[in-house]
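Count the sequence shown with full-length UniProt numbering and you get residues 1 to 146, in order.
Heads up, the beta-carbon is just placed ideally off N, CA and C, and yes, glycines get one too.
The next block holds one structure in the form of C-alpha coordinates; read it before the comments.
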Amino acid sequence: MAALLGGLLGLERELSHKAAGLRTHMLVALGSAMFVVAAVEAGLDSDGMSRVVQGLLAGIGFLCAGSILKGSEKGHIYGLTTAAGMWMTAAIGVAAGLGREVLAVLSTLLTLGIISALKPIERRLDSHHRKHEAATGILLPEQRED
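See the structure below:
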(Lines of atoms letter the chains of each structure in order from A and count residues from 1; the text may use other names and numbers.)
(Lines give C-alpha, C1' and ligand atoms only; values in the text may rest on other atoms or scores of the structure.)
Protein backbone atom coordinates (compact mmCIF):
# COMPACT_ATOMS: atom_id res chain seq x y z
CA MET A 1 0.00 0.00 0.00
CA ALA A 2 2.79 2.45 0.86
CA ALA A 3 4.45 2.07 -2.54
CA LEU A 4 1.12 2.53 -4.33
CA LEU A 5 0.27 5.72 -2.43
CA GLY A 6 3.79 7.06 -2.91
CA GLY A 7 3.44 6.23 -6.58
CA LEU A 8 0.34 8.42 -6.86
CA LEU A 9 2.26 11.40 -5.50
CA GLY A 10 5.27 10.55 -7.62
CA LEU A 11 3.14 10.30 -10.75
CA GLU A 12 1.95 13.87 -10.26
CA ARG A 13 5.56 15.04 -9.86
CA GLU A 14 6.59 12.98 -12.90
CA LEU A 15 3.82 14.49 -15.05
CA SER A 16 4.97 17.93 -13.88
CA HIS A 17 8.49 17.06 -15.13
CA LYS A 18 10.11 17.24 -11.68
CA ALA A 19 13.40 15.51 -10.84
CA ALA A 20 11.96 13.45 -7.97
CA GLY A 21 9.15 11.51 -9.60
CA LEU A 22 7.46 8.16 -9.59
CA ARG A 23 10.34 5.89 -8.52
CA THR A 24 11.67 8.29 -5.89
CA HIS A 25 8.32 8.75 -4.18
CA MET A 26 7.54 5.03 -4.30
CA LEU A 27 10.89 4.21 -2.71
CA VAL A 28 10.50 6.88 -0.02
CA ALA A 29 7.05 5.55 0.93
CA LEU A 30 8.11 1.91 0.82
CA GLY A 31 11.32 2.53 2.76
CA SER A 32 9.47 4.52 5.41
CA ALA A 33 6.91 1.75 5.82
CA MET A 34 9.64 -0.88 6.01
CA PHE A 35 11.49 0.91 8.82
CA VAL A 36 8.27 1.11 10.82
CA VAL A 37 7.19 -2.48 10.11
CA ALA A 38 10.65 -3.75 11.08
CA ALA A 39 10.48 -1.77 14.33
CA VAL A 40 7.01 -3.14 15.13
CA GLU A 41 8.10 -6.70 14.30
CA ALA A 42 11.15 -6.28 16.55
CA GLY A 43 8.80 -5.39 19.40
CA LEU A 44 10.16 -1.91 20.04
CA ASP A 45 8.39 0.10 22.71
CA SER A 46 7.08 3.62 22.05
CA ASP A 47 10.48 5.17 22.88
CA GLY A 48 12.20 2.88 20.39
CA MET A 49 9.56 3.56 17.74
CA SER A 50 9.98 7.29 18.33
CA ARG A 51 13.72 7.00 17.68
CA VAL A 52 13.10 5.02 14.47
CA VAL A 53 10.71 7.67 13.15
CA GLN A 54 13.06 10.50 14.19
CA GLY A 55 15.97 8.87 12.38
CA LEU A 56 13.81 8.23 9.34
CA LEU A 57 12.67 11.85 9.16
CA ALA A 58 16.22 13.13 9.58
CA GLY A 59 17.32 10.97 6.65
CA ILE A 60 14.36 12.10 4.55
CA GLY A 61 15.31 15.69 5.39
CA PHE A 62 18.69 15.19 3.72
CA LEU A 63 17.02 13.63 0.69
CA CYS A 64 14.57 16.53 0.46
CA ALA A 65 17.35 19.09 0.82
CA GLY A 66 18.98 17.60 -2.27
CA SER A 67 15.89 18.47 -4.32
CA ILE A 68 15.98 22.18 -3.43
CA LEU A 69 17.97 24.49 -5.70
CA LYS A 70 18.50 28.23 -5.80
CA GLY A 71 18.30 29.56 -9.33
CA SER A 72 20.11 32.59 -10.66
CA GLU A 73 16.82 34.22 -11.70
CA LYS A 74 16.43 36.77 -8.87
CA GLY A 75 17.32 34.15 -6.29
CA HIS A 76 14.27 32.01 -7.10
CA ILE A 77 14.12 28.78 -5.08
CA TYR A 78 13.16 25.58 -6.92
CA GLY A 79 12.12 22.21 -5.55
CA LEU A 80 10.35 23.19 -2.33
CA THR A 81 7.06 21.59 -3.34
CA THR A 82 8.84 18.41 -4.40
CA ALA A 83 10.73 18.34 -1.09
CA ALA A 84 7.52 18.88 0.89
CA GLY A 85 5.86 16.16 -1.18
CA MET A 86 8.67 13.72 -0.38
CA TRP A 87 8.35 14.62 3.31
CA MET A 88 4.61 13.88 3.13
CA THR A 89 5.35 10.67 1.22
CA ALA A 90 7.54 9.52 4.12
CA ALA A 91 4.77 10.34 6.60
CA ILE A 92 2.27 8.43 4.45
CA GLY A 93 4.66 5.47 4.38
CA VAL A 94 4.91 5.57 8.18
CA ALA A 95 1.10 5.63 8.48
CA ALA A 96 0.78 2.69 6.07
CA GLY A 97 3.51 0.79 7.91
CA LEU A 98 1.66 1.25 11.19
CA GLY A 99 -1.51 -0.15 9.63
CA ARG A 100 -3.27 3.22 9.52
CA GLU A 101 -4.55 2.74 5.97
CA VAL A 102 -7.38 5.30 6.18
CA LEU A 103 -4.99 7.98 7.42
CA ALA A 104 -2.49 7.10 4.69
CA VAL A 105 -5.11 7.23 1.91
CA LEU A 106 -6.73 10.46 3.15
CA SER A 107 -3.31 12.11 3.53
CA THR A 108 -2.39 11.06 0.00
CA LEU A 109 -5.61 12.50 -1.43
CA LEU A 110 -5.20 15.75 0.52
CA THR A 111 -1.58 16.07 -0.59
CA LEU A 112 -2.53 15.45 -4.23
CA GLY A 113 -5.23 18.10 -3.93
CA ILE A 114 -2.83 20.62 -2.48
CA ILE A 115 -0.12 19.96 -5.05
CA SER A 116 -2.45 19.81 -8.07
CA ALA A 117 -5.45 22.03 -7.37
CA LEU A 118 -3.54 24.94 -5.87
CA LYS A 119 -1.02 25.14 -8.73
CA PRO A 120 -3.18 27.47 -10.91
CA ILE A 121 -3.86 29.76 -7.95
CA GLU A 122 -0.16 29.94 -7.14
CA ARG A 123 0.67 30.77 -10.77
CA ARG A 124 -1.92 33.55 -10.80
CA LEU A 125 -0.47 35.05 -7.60
CA ASP A 126 3.06 34.81 -9.02
CA SER A 127 1.93 36.56 -12.20
CA HIS A 128 0.31 39.29 -10.10
CA HIS A 129 3.56 39.78 -8.15
CA ARG A 130 5.55 40.12 -11.39
CA LYS A 131 3.07 42.67 -12.76
CA HIS A 132 3.32 44.62 -9.50
CA GLU A 133 7.11 44.65 -9.72
CA ALA A 134 7.06 45.75 -13.37
CA ALA A 135 4.57 48.55 -12.67
CA THR A 136 6.17 49.90 -9.51
CA GLY A 137 9.76 48.77 -9.64
CA ILE A 138 9.31 47.63 -6.03
CA LEU A 139 10.42 44.14 -5.11
CA LEU A 140 8.27 42.15 -2.73
CA PRO A 141 10.17 40.75 0.30
CA GLU A 142 10.42 37.25 -1.17
CA GLN A 143 11.91 38.69 -4.39
CA ARG A 144 14.77 40.55 -2.74
CA GLU A 145 18.30 39.22 -2.90
CA ASP A 146 20.20 39.70 0.34
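In the structure shown, what three-state DSSP assignment does L69 receive?
The residue labelled residue 69 in the question sits at position 69 within the sequence shown. If DSSP states are grouped into helix, strand and coil, L69 belongs with the strands.
Looking only at its chain, what residues have a beta carbon closer than 7 Å to the beta carbon of M1, apart from the 5 residues adjacent to it on each side?
Mapped onto the sequence shown, residue 1 falls at position 1. These residues qualify, in order along the chain: A96, E101, A104.
Where in the UniProt domain "MgtC/SapB/SrpB/YhiD N-terminal" (1-123) do unbroken runs of the alpha helix (DSSP H), each at least 4 residues long, occur, reported from the N-terminal end onward?
You should have 2-15, 22-41, 46-65, 80-97, 101-117.
Please check the pair M34 and G6, which I expect to be a contact at CB under 8 Å, by giving their CB distance rounded to whole angstroms.
Here residue 34 corresponds to residue number 34 of the sequence shown, with the count starting at 1. Here residue 6 corresponds to residue number 6 of the sequence shown, with the count starting at 1. That belief does not hold up - the Cβ atoms of M34 and G6 are roughly 12 Å apart, past 8 Å.
Using beta-carbon positions only, say whether L125 and L8 come within less than 8 Å of one another.
Residue mapping note: residue 125 aligns to position 125 of the sequence shown, counting from 1. Residue mapping note: residue 8 aligns to position 8 of the sequence shown, counting from 1. Cβ distance not < 8 Å, so L125 and L8 don't count as in contact.
Does the beta-carbon of V28, which I'm using as the reference point, lie nearer than 7 Å to any heavy atom of the ligand MN?
Within the structure as shown, the ligand MN is missing, as the structure has no ligands at all.
Restricting to Cα atoms, I'd like to know which of G85, S127, G99, E122 is closest to T108.
The residue given as residue 108 occupies position 108 in the sequence shown. The shortest C-alpha separation from T108 is found at G85.
Nearest CA to the CA of A117: which residue from L4, A3, E12?
In the sequence shown, counting from the first residue as 1, residue 117 sits at position 117. That would be E12, whose Cα lies nearest to the Cα of A117.
Can you give me the C-alpha to C-alpha distance between D146 and L63, rounded to a whole angstrom?
Within the sequence shown, the letter at position 146 stands for residue 146. Within the sequence shown, the letter at position 63 stands for residue 63. Per-residue confidence for D146 stands at a pLDDT of 48, beneath the threshold of 50, marking its modelled position as unreliable; no derived number is given.
Quick one: is S127 buried, meaning 16 or more other Cβ sit within 10 Å of its Cβ, or exposed?
Residue numbering aside, residue 127 sits at position 127 when the sequence shown is read from its first letter. By the 10 Å Cβ count, S127 comes out exposed.
Could you compute how far the alpha carbon of A38 sits from the alpha carbon of A91?
The count along the sequence shown starts at 1 and reaches residue 38 at position 38. The count along the sequence shown starts at 1 and reaches residue 91 at position 91. So the alpha carbons of these two residues sit roughly 16 Å apart.
Is the distance from the Cβ of residue 150 to the Cβ of G79 below 8 Å?
Within the shown structure, residues of the chain are numbered from 1 to 146, placing residue 150 beyond reach of any answer.
Would you check if the distance between the CB atom of G21 and the CB atom of G31 is smaller than 8 Å?
As a working mapping, residue 21 is identified with position 21 in the sequence shown. As a working mapping, residue 31 is identified with position 31 in the sequence shown. Not a contact, by the Cβ cut-off of 8 Å.
Relative to the C-alpha of L110, which residue among T89, R123, E122, I121 is closest?
Taking the sequence shown and counting its residues from 1, the one referred to as residue 110 is at position 110. Out of T89, R123, E122, I121, T89 has the C-alpha closest to the C-alpha of L110.
Does the separation of the CB atoms of T81 and I60 fall below 8 Å?
As a working mapping, residue 81 is identified with position 81 in the sequence shown. As a working mapping, residue 60 is identified with position 60 in the sequence shown. In this structure, I60 does not lie closer than 8 Å to T81 by Cβ.
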